[in-house]
Amino acid sequence: METVKLDTLDQKLLTALQTDCRQTTKMLSLKLNLSTTAVHERIKKLEKSGVIAGYVAIVDQVRVDKNFVVFCHIKLQQHKQALLTGFEQAVSLLPEVLECYHVSGDYDYILKIAVRDMEAYRKFLVEKLTTIDYIASTHSIFKINEVKRSHVLAF
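So the sequence shown is numbered by UniProt numbering: it starts at 1 and just counts up by one.
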């Protein structure tokens, strides 16, 4: 996958959309000192090139009772391609897993998991996660307080 060259206006547009993607092209055109047509064309170009991969609503985890966040480190039994692929496919199907990263170091993967509480996590761990054949061990770290969470990439 190749990178896309972004000019200053594209960067400003992306920053504005990451902050609030519900802004109208009129609002964005005023911020960027561009015509609405130019803003619309730039957005379509960024979508078509894959720079803008999609649009989402950011849900308040507290209000939906999913504020118990766990970072689970996973060590696999072996590092064969079939095991890696099998693990990644299996973990991708678990809705509690918000993010999964293949990492270097003592563990093979780090998962970010959001559930209701410790009991819900225990149930998830026993009934779902550890039933995946390829896992040798897990190590769980629990969120105490969220200091910063951002969805905005800096340019």
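Note that the Cβ used here is the ideal one computed from N, Cα and C, for glycine as well.
Throw me the rounded Cβ distance for the residue i and residue j pair, which I believe falls under 8 Å.
| i | j | result |
| --- | --- | --- |
| Val152 | Thr15 | 7 Å |
| Leu98 | Ala82 | Not confirmed; about 26 Å, so no contact. |
| Tyr107 | His79 | The Cβ separation is near 12 Å, so there is no contact. |
| Tyr134 | Gln89 | Not quite, the Cβ-Cβ distance comes to about 10 Å (not below 8 Å), so this is no contact. |
| Tyr101 | Tyr109 | 6 Å |
Between which two residues does the beta strand (DSSP E) harbouring residue i extend?
| i | result |
| --- | --- |
| Ala120 | Segment 118 to 127 is the alpha helix (DSSP H) holding Ala120; no beta strand (DSSP E) there. |
| Thr138 | 135 to 142 |
| Tyr101 | 97 to 102 |
| Lys148 | From DSSP, Lys148 is part of no beta strand (DSSP E); its letter is neither H nor E. |
| Tyr109 | 109 to 115 |
Skipping 5 residues on each side, what residues in its chain have a beta carbon closer than 7 Å to that of residue i?
| i | result |
| --- | --- |
| Lys31 | Ala16 |
| Asp10 | Arg42, Leu46 |
| His65 | At residue 65 the sequence reads Asp, which differs from the His that was named. Arg116. |
Measuring alpha carbon to alpha carbon, tell me which of the options ends up nearest residue i.
| i | options | result |
| --- | --- | --- |
| Phe71 | Lys45, Glu96, Asp20 | Glu96 |
| Ala57 | Leu46, Gln89, His40, Arg22 | Arg22 |
| Arg63 | Leu125, Arg116, Lys48 | Arg116 |
| Met1 | Lys128, Gly54, Ser49 | Ser49 |
| Leu94 | Arg149, Lys128, Ser104 | Lys128 |
| Asn67 | Ile132, Thr130, Val126, Glu119 | Glu119 |
| Val103 | His73, Thr130, Leu125 | His73 |
Which same chain residues end up closer than 8 Å to residue i when comparing Cβ atoms and leaving out the 5 residues on each side of it in sequence?
| i | result |
| --- | --- |
| Leu13 | Leu28, Leu32, Val39, Arg42, Ile43, Leu46 |
| Val69 | Gln61, Lys112, Ile113, Ala114, Phe142, Lys143, Glu146 |
| Ala136 | Lys75, Leu76, Gln77 |
| Lys6 | Before going further, note that residue 6 is Leu rather than Lys in the sequence given. Closer than 8 Å at the Cβ level, and outside the excluded window around Leu6, lie Leu14, Val51, Phe155. |
| Gln18 | His151, Val152, Leu153 |
In chain order, what residues of the same chain lie with their CB nearer than 6 Å to the CB of residue i, ignoring the 5 residues before and after it?
| i | result |
| --- | --- |
| Val91 | Val97, Cys100 |
| Val4 | Ser49, Val51 |
Secondary structure, beta strand (DSSP E): runs of 3+ residues fully inside the segment 1 to 88: 68 to 76
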